[in-house]
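The sequence shown begins at 1 in my numbering and counts up one residue at a time.
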Amino acid sequence: MRKRASLSNEYEVECIPGLEAFVMDELNSYDARSLETLRPGFLRFRFAGDSRLLITLRSAIAVYGVHRFEVPRPKALLGHQHLTRLIGILRAAMRDWTLQNPRLGIGAAGANTRVINRLKEELAILLAVELAEENKGELYLRLVRPVDRSAWEVLVRLGPRPLSKRDWRVINVPGALNATVAYAMTQIRSQDAQDSVLNMCCGSGSILVEHALGRTSGQLLAVDISDKMLSAAKRNLCASNTKHRVILLNADAGRTPLPSGAIDRIYADLPFGGHVGSHADNLRLYPALLREAYRVSKPEAVLILLTHEVKLLRKCIVQSNWRTISETKITLSGLHPRLFVLKRKSTTIYR
Ligand SMILES: C[S@@+](CC[C@H](N)C(=O)[O-])C[C@H]1O[C@@H](n2cnc3c(N)ncnc32)[C@H](O)[C@@H]1O
Numbered sequence: 001m002r003k004r005a006s007l008s009n010e011y012e013v014e015c016i017p018g019l020e021a022f023v024m025d026e027l028n029s030y031d032a033r034s035l036e037t038l039r040p041g042f043l044r045f046r047f048a049g050d051s052r053l054l055i056t057l058r059s060a061i062a063v064y065g066v067h068r069f070e071v072p073r074p075k076a077l078l079g080h081q082h083l084t085r086l087i088g089i090l091r092a093a094m095r096d097w098t099l100q101n102p103r104l105g106i107g108a109a110g111a112n113t114r115v116i117n118r119l120k121e122e123l124a125i126l127l128a129v130e131l132a133e134e135n136k137g138e139l140y141l142r143l144v145r146p147v148d149r150s151a152w153e154v155l156v157r158l159g160p161r162p163l164s165k166r167d168w169r170v171i172n173v174p175g176a177l178n179a180t181v182a183y184a185m186t187q188i189r190s191q192d193a194q195d196s197v198l199n200m201c202c203g204s205g206s207i208l209v210e211h212a213l214g215r216t217s218g219q220l221l222a223v224d225i226s227d228k229m230l231s232a233a234k235r236n237l238c239a240s241n242t243k244h245r246v247i248l249l250n251a252d253a254g255r256t257p258l259p260s261g262a263i264d265r266i267y268a269d270l271p272f273g274g275h276v277g278s279h280a281d282n283l284r285l286y287p288a289l290l291r292e293a294y295r296v297s298k299p300e301a302v303l304i305l306l307t308h309e310v311k312l313l314r315k316c317i318v319q320s321n322w323r324t325i326s327e328t329k330i331t332l333s334g335l336h337p338r339l340f341v342l343k344r345k346s347t348t349i350y351r
């Protein structure tokens, strides 16, 4: 990609709180500099390259260019000099978009105050765009006061929509996993490079797609008990052009038709009684799934699980042949599910 002048080389990433380490890893691979966590779910960094590269980040919900304005309060942004600069920044942000009729939204503490409303209206007129409802919009900016409170920052989102909204998601089901969380699950390292992969409780296929897009070889197996979910998975996999690498099976995760000792890497975004399943079902499913995962796995296999039924899963793990390597709390849609990484206690293959 041809390098072009960037209007800002300071950026802010928004991510799922708890997944900052995955974002840092990804940003390091982009040669980002001066990485720091501002608060859970928000990181700052410097990047000297073409900002268009940053919209390919897969662990981020959104990335913003940071523009500092030496003004004491947002009202001063309405002055000619600052407004002209801001219009230039926003025009540059939209330059590569093919989108017709983008709408403008501003996020700020007090986003509906008289001053912010006036700023929105002025910007909308000067840019010839509509105002978005609920302060969302394809052209989206946030007004932020830096910690030293010496100025104001205008953060302009790169791209017309959050990066967590993937093109491959052509069908969205209740309980579908946020794609950045699915991506993070696929980034957990395991020993075997020749991964044979199983996704238990695959639902609409979010983890499968993110895994297949990140690793260009290898076949994936997936099971779910619901035909409706399997057909959603098929559609999302087709849209991501990865369906040919995945075998989808209708099976109970506690009793699959798969051979013993064959799998290197197992994923499951477990039902946890919100959108999908119930606690009573989970009392049966969780121990059965751990037993079955143990049976089908190779000695060095890794089992990567996500659930909000943390106490139940911890109890089942203690009674199983798996041990916990790590447990990471994340914040997702107002809940605090945990990401568990497990390894087998014993290397004996159960037949
Ligand atoms: C939280 S959802 C998974 C969502 C998925 N990650 C996605 O992005 O769509 C849990 C899934 O477990 C499946 N499930 C529930 N009980 C199951 C069982 N006994 N065996 C296999 N799958 C089961 C449900 O059909 C559902 O698709």
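Even glycine gets a Cβ: it sits at the ideal position worked out from N, Cα and C. It should be emphasised that the depicted structure is a prediction, and the values quoted were computed from it without experimental measurement.
When the Cα atoms are used, residue 80 and residue 223 turn out to be separated by approximately 60 Å. Annotation for residue 29: the continuous alpha helix (DSSP H) segment containing it runs 20-29. Assignment of beta-bridge partners to residue 67 by DSSP yields 154. Counting C-beta atoms within 10 angstroms of its own C-beta, residue 297 has 16 or more neighbours from the protein chains shown and is therefore classed as buried. Taken in chain order, the complete beta strand (DSSP E) segments of 3 or more residues contained in the region 285-348 are 297-307, 322-329 and 338-344.
Per DSSP, the continuous beta strand (DSSP E) segment holding residue 222 begins and ends at 220-224. Looking at the DSSP output, residue 36 sits in a beta bridge with 44. No residue range can be given for residue 133, since it is assigned to no alpha helix (DSSP H) and is classified by DSSP as neither H nor E. The C-alpha of residue 83 lies about 13 Å from the C-alpha of residue 152.
When rounded, the separation of the alpha-carbon atoms in residue 178 and residue 65 is 23 Å. Residue side-chain check: residue 277 places its Cβ nearer than 7 Å to a non-hydrogen atom of ligand 1.
Contact between the region 233-253 and the region 215-222 is established, with three or more Cβ pairs separated by less than 8 Å. Going by DSSP, residue 237 is part of the alpha helix (DSSP H) stretching over 227-239. Under the three-state reduction of DSSP output, residue 16 falls in the coil class, being neither helix nor strand.
Per the DSSP secondary-structure output, residue 119 pairs with nothing in a beta bridge. By DSSP's assignment, residue 210 forms no beta bridge with any residue. Residue pairing from DSSP places residue 144 in a beta bridge opposite 153.
Set against 7 Å, the gap from the CB of residue 49 to the closest heavy atom of ligand 1 is not smaller.
Residue 245 has its alpha-carbon roughly 11 Å from the corresponding atom of residue 197. With contacts defined as CB atoms closer than 8 Å, residue 308 and residue 337 qualify as a contacting pair. Of all alpha-carbon atoms in 217, 200 and 29, the one lying nearest the alpha-carbon of residue 226 is that of 200. Annotation: the continuous beta strand (DSSP E) that includes residue 248 extends over 246-250.
If you look at residue 87, you'll find it in the alpha helix (DSSP H) that goes 80-94. For residue 52, the three-state secondary structure derived from DSSP is helix. With 16 or more other Cβ atoms from the protein chains shown falling within 10 Å of its own Cβ, residue 186 counts as buried.
Cβ-Cβ separation between residue 155 and residue 118: approximately 19 Å, too far for a contact (criterion under 8 Å).
Distances taken from the Cβ of residue 223 to the heavy atoms of ligand 1 include one shorter than 7 Å.
A direct Cα-Cα distance of roughly 54 Å separates residue 278 from residue 76. Annotated three-state conformation of residue 173 is coil, per DSSP. Residue 77 sits in a helix when the DSSP states are folded into three classes. Here the alpha carbon of residue 312 sits roughly 8 Å from the alpha carbon of residue 283. At a Cβ-Cβ threshold of 8 Å, residue 71 and residue 13 do not count as neighbours.
Note that the C-beta distance between residue 268 and residue 289 is below 8 Å. The beta carbon of residue 253 sits closer than 7 Å to at least one heavy atom of ligand 1. Counting only residues of its own chain and dropping the five nearest sequence neighbours on each side, residue 138 has a CB closer than 7 Å to the CB of 99, 102, 103, 160 and 161.
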